[in-house]
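A.B. asks: Here it is: the structure, laid out below.
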Amino acid sequence: MSAPSTENTPVQGGNTANATASAAYDAALQVIAAVEPRVAEATRAELRDQRASLKLIASENYASPAVLLTMGSWFSDKYAEGTVGHRFYAGCQNVDTVEALAAEHARELFGAPYAYAQPHSGIDANLVAFWSILAHRVETPALEKHAVKNVNELSEGDWETLRHELGNQRLLGMSLDAGGHLTHGFRPNISGKMFHQQQYGTDPATGLLDYDAVRAKAKEFRPLVLVAGYSAYPRRVNFAKMREIADEVGATLMVDMAHFAGLVAGKVFTGDEDPVPFAHVTTTTTHKSLRGPRGGLVLAQEEFASSVDRGCPMVLGGPLSHVMAAKAVALAEARQPAFQDYAQQIAGNAKSLAEGFLTRGANLVTSGTDNHIVLLDVSSFGLTGRQAESALLDAGVVTNRNSVPADPNGAWYTSGVRLGTPALTTRGFGHDEFDKVAELIVDVLANTKPGTTKAGGPSKASYVLGDGVADRTKAASAELLDKHPLYPGLELS
Ligand code: PLP
Numbered sequence: 027m028s029a030p031s032t033e034n035t036p037v038q039g040g041n042t043a044n045a046t047a048s049a050a051y052d053a054a055l056q057v058i059a060a061v062e063p064r065v066a067e068a069t070r071a072e073l074r075d076q077r078a079s080l081k082l083i084a085s086e087n088y089a090s091p092a093v094l095l096t097m098g099s100w101f102s103d104k105y106a107e108g109t110v111g112h113r114f115y116a117g118c119q120n121v122d123t124v125e126a127l128a129a130e131h132a133r134e135l136f137g138a139p140y141a142y143a144q145p146h147s148g149i150d151a152n153l154v155a156f157w158s159i160l161a162h163r164v165e166t167p168a169l170e171k172h173a174v175k176n177v178n179e180l181s182e183g184d185w186e187t188l189r190h191e192l193g194n195q196r197l198l199g200m201s202l203d204a205g206g207h208l209t210h211g212f213r214p215n216i217s218g219k220m221f222h223q224q225q226y227g228t229d230p231a232t233g234l235l236d237y238d239a240v241r242a243k244a245k246e247f248r249p250l251v252l253v254a255g256y257s258a259y260p261r262r263v264n265f266a267k268m269r270e271i272a273d274e275v276g277a278t279l280m281v282d283m284a285h286f287a288g289l290v291a292g293k294v295f296t297g298d299e300d301p302v303p304f305a306h307v308t309t310t311t312t313h314k315s316l317r318g319p320r321g322g323l324v325l326a327q328e329e330f331a332s333s334v335d336r337g338c339p340m341v342l343g344g345p346l347s348h349v350m351a352a353k354a355v356a357l358a359e360a361r362q363p364a365f366q367d368y369a370q371q372i373a374g375n376a377k378s379l380a381e382g383f384l385t386r387g388a389n390l391v392t393s394g395t396d397n398h399i400v401l402l403d404v405s406s407f408g409l410t411g412r413q414a415e416s417a418l419l420d421a422g423v424v425t426n427r428n429s430v431p432a433d434p435n436g437a438w439y440t441s442g443v444r445l446g447t448p449a450l451t452t453r454g455f456g457h458d459e460f461d462k463v464a465e466l467i468v469d470v471l472a473n474t475k476p477g478t479t480k481a482g483g484p485s486k487a488s489y490v491l492g493d494g495v496a497d498r499t500k501a502a503s504a505e506l507l508d509k510h511p512l513y514p515g516l517e518l519s
């Protein structure tokens with residue numbers, strides 16, 4: 027199917043709204059206010075706050091009014107456990123339509139043989155992927171060995187043996203402090219408990235992935251699942267190499283592209299940098315660089331399709347049909363040529379942001395970026411990530427603190443601040459504006475001093491922001507933000 031025409035769908039250079047969208051929001055807020063005015067007011071305040079701040083959180087974006095409005099519908103009321111055309115509830119014909127559309131757009135957009143649109147979030151998508159890999163690689167061969175179709179047909183003894191095998195598999199993922207995600211085998215997460223896990227890191231000298239080191243670790247550990255993908259690694263990954271490594275050790279390659287799905291969709295990552303042809307199973311969120319509703323998605327090679335399709339009842343209950351509908355709308359937007367311009371701009375803007383820091387003497391993990399993330403090491407300012415994040419927020423710059431490799435301050439205080447370009451690129455920020463953003467951030471950090479604890483000792487949390495810094499930063503940000511308004515045309519009464 028060809029991409030539908032969304033001529034009036036604003037997707038590039040800021041998600042513009044129009045009089046129809048304004049009227050829709052106004053009406054919705056009036057209806058909400060009649061029941062719980064405080065929710066209506068908080069909703070208005072959220073728009074005001076988002077409009078007035080420099081949003082640099084790498085995992086956030088601004089979805090279009092079409093995507094947002096799609097979520098506020100009666101699809102929210104419908105139970106639809108099962109799969110398209112095969113539900114455990116009656117009356118799912120319209121859910122079938124939107125789920126099939128979301129899956130079809132995802133297959134076309136990413137060139138994937140199979141797509142599953144039900145996961146409620148990125149974590150759910152990863153759980154579906156883990157269990158589908160276990161089902162395909164461990165459970166199905168066991169059922170075949172015992173010549174039964176279903177685990178319910180196994181004897182108690184055989185079931186216990188299978189449970190033991192399912193619970194004793196190995197997973198190798200990227201460590202949290204190298205930029206991996208907590209679902210990639212981090213011990214406190216279920217992925218670190220349901221698998222025996224080990225982690226690969228990055229080269230201590232360069233901060234870059236060292237494929238030979240990953241290969242050596244994989245050969246030694248022999249994982250069933252090799253996970254690639256990241257939350258805070260500012261570089262591209264060669265997925266052809268990761269697949270080679272997986273094949274050498276008989277592992278299944280799972281790629282979590284939650285962060286960079288927009289760059290894959292927008293054809294910034296192509297060839298060896300496009301994970302979809304190389305991964306057995308690819309997972310993603312739909313709300314980060316992909317600019318859709320909050321949700322997850324699983325893509326798979328044909329071989330894994332039937333096990334992924336068992337996401338419900340394996341780990342999911344009823345799908346969020348209203349969100350699946352919004353995924354269909356967002357994926358339709360991402361199939362428009364304008365989305366490719368947007369994705370290119372995200373990556374180009376990240377380079378400008380990184381250059382802006384480097385020319386002002388700041389330290390970046392890996393000394394730069396070639397995706398949408400810039401990871402600023404704030405230790406040269408004498409600050410922890412926590413202090414930097416808080417000082418920046420006081421100045422109207424919204425970021426999140428993040429570990430840097432081998433972080434001496436651990437995962438709570440950290441030594442880094444992670445910045446991303448997808449959201450402000452949606453507003454229409456370009457290279458000069460991102461250079462200015464770097465200037466503002468350096469000014470705030472250079473004028474922030476670590477504070478002390480109540481007892482007068484050194485503190486990793488408190489800080490003192492220089493006089494007038496917050497005001498001058500907010501004034502300079504306001505100039506940039508006014509030039510690129512959020513949802514221009516959206517006027518609430
Ligand atoms: N995977 C990666 C790589 C992520 O960065 C995140 C979120 O930050 C997730 C999964 C989890 O997504 P969610 O918050 O939707 O569960």
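If you count by the working numbering, then the sequence shown holds residues 27 to 519, one letter each, in order.
Ideal placement from N, C-alpha and C gives every residue a C-beta, glycine not left out.
1) With burial defined as no fewer than 16 other Cβ atoms inside 10 Å of the residue's Cβ, what is the status of residue 512: buried or exposed?
2) For a quick check, are the C-beta atoms of residue 82 and residue 471 less than 8 Å apart?
3) Check whether the region 368-378 touches the region 291-304, counting contact only when three or more Cβ pairs, one atom from each stretch, lie closer than 8 Å.
4) Count the C-beta pairs between the region 397-415 and the region 321-341 that are closer than 8 Å, then say yes if the count reaches three, no if not.
5) Taking the alpha-carbon positions, what's the residue 281 to residue 443 distance?
6) Do you know offhand how far residue 118's Cα is from residue 91's?
7) Regarding residue 149 and the ligand PLP, is the C-beta to nearest heavy atom distance less than 7 Å?
8) At a cut-off of 7 Å, is residue 282 close to the ligand PLP when judged by its beta-carbon and the heavy atoms of the ligand?
9) So residue 249 packs on residue 275, CB below 8 Å; how close in whole Å?
10) Let me know the secondary structure DSSP gives residue 475 once reduced to three states.
11) Using a Cβ-Cβ cut-off of 6 Å (strictly less than) and excluding sequence neighbours within five positions of residue 114, which residues of its own chain qualify?
12) Below 8 Å on the Cβ atoms is my guess for residue 154 versus residue 340; work out the distance and round it to an integer in Å.
13) Specify the secondary structure class of residue 213 as computed by DSSP and reduced to three states.
14) Between which two residues does the beta strand (DSSP E) containing residue 484 stretch?
15) Give the single residue among 352, 49, 169 and 52 whose Cα lies nearest to the Cα of residue 102.
16) Looking at residue 258: is its Cβ nearer than 8 Å to the Cβ of residue 399?
17) Candidates 158, 50, 137 and 66: which alpha carbon is nearest residue 331's?
18) Measure the C-alpha to C-alpha separation of residue 521 and residue 285 and round it to an integer number of angstroms.
19) Would residue 317 and residue 376 be called neighbours here (beta carbons separated by less than 8 Å)?
20) By Cβ distance below 6 Å, which residues in the same chain neighbour residue 209 in space, the five residues on each side in sequence not counted?
21) Which of helix, strand or coil does DSSP assign to residue 112?
22) Verify whether the separation of the beta carbon atoms of residue 226 and residue 267 is less than 8 Å.
23) Would you mind giving the Cβ-Cβ distance between residue 410 and residue 486, rounded to the nearest angstrom? I have them listed as a contact below 8 Å.
24) Assign residue 63 to one of two classes, buried (16 or more other C-beta atoms within 10 Å of its C-beta) or exposed (fewer than that).
25) Quick check on DSSP: helix, strand or coil for residue 399?
26) Assuming contact is defined by CB atoms lying nearer than 8 Å, are residue 516 and residue 140 in contact in what I supplied?
27) Cβ of residue 343 within 7 Å of any heavy atom in the ligand PLP?
28) For residue 315, count neighbouring C-beta atoms within 10 Å of its own C-beta (all shown protein chains included) and say buried if the count is 16 or more, exposed if not.
29) Are the beta-carbon atoms of residue 382 and residue 469 separated by less than 8 Å?
30) Could you give the C-beta distance for residue 203 and residue 431, rounded to a whole number, given that I count them as a contact under 8 Å?
31) Whole-angstrom Cβ separation of residue 143 and residue 128, contact assumed at under 8 Å?
C.D. replies: On the basis of the coordinates in this document:
1) Buried, because 16 or more other Cβ atoms sit within 10 Å of the Cβ of residue 512.
2) Against a cut-off of 8 Å, the Cβ pair of residue 471 and residue 82 comes out as no contact.
3) Taking 8 Å as the limit for Cβ pairs, the verdict is that the region 291-304 does touch the region 368-378.
4) Touching, no, given that fewer than three Cβ pairs across the two stretches are closer than 8 Å.
5) Near 24 Å, if we compare the C-alpha coordinates of residue 443 and residue 281.
6) The C-alpha of residue 118 lies about 26 Å from the C-alpha of residue 91.
7) Flag set: Cβ of residue 149 near the ligand PLP.
8) Answer for residue 282: yes, Cβ within range of the ligand PLP.
9) Contact between residue 249 and residue 275 is confirmed by a C-beta separation of about 7 Å, below the 8 Å threshold.
10) In the three-state reduction of the DSSP assignment, residue 475 falls in the strand class.
11) Correct list, in chain order: 107 and 108.
12) Their Cβ separation, rounded to whole angstroms, is 7 Å, which keeps residue 154 and residue 340 in contact under 8 Å.
13) Residue state, collapsed to three classes: coil.
14) 484-491 is the span of the beta strand (DSSP E), which, as asked, contains residue 484.
15) A check of alpha carbon separations from residue 102 across 352, 49, 169 and 52 identifies 352 as the nearest.
16) Note that the C-beta distance between residue 258 and residue 399 is below 8 Å.
17) Out of 158, 50, 137 and 66, 158 has the C-alpha closest to the C-alpha of residue 331.
18) The structure shown does not extend to residue 521, since the chain spans only 27 to 519, so no value can be given for it.
19) Going by C-beta atoms, residue 317 is not nearer than 8 Å to residue 376.
20) Contacts found: 149, 152, 215 and 217.
21) Note: residue 112 maps to strand in three-state DSSP.
22) Not a contact, by the Cβ cut-off of 8 Å.
23) Contact holds; Cβ gap of about 5 Å.
24) The residue is exposed, with fewer than 16 neighbouring Cβ atoms inside 10 Å.
25) Residue 399 sits in a strand when the DSSP states are folded into three classes.
26) Not in contact: residue 516 and residue 140 (Cβ atoms no closer than 8 Å).
27) It does not: the Cβ of residue 343 is nowhere closer than 7 Å to a heavy atom of the ligand PLP.
28) Its Cβ being crowded by 16 or more others within 10 Å, residue 315 is buried.
29) At least 8 Å separates the beta-carbon of residue 382 from that of residue 469.
30) The Cβ separation is near 6 Å, so the contact holds.
31) With a Cβ gap of about 4 Å, residue 143 and residue 128 count as contacting.
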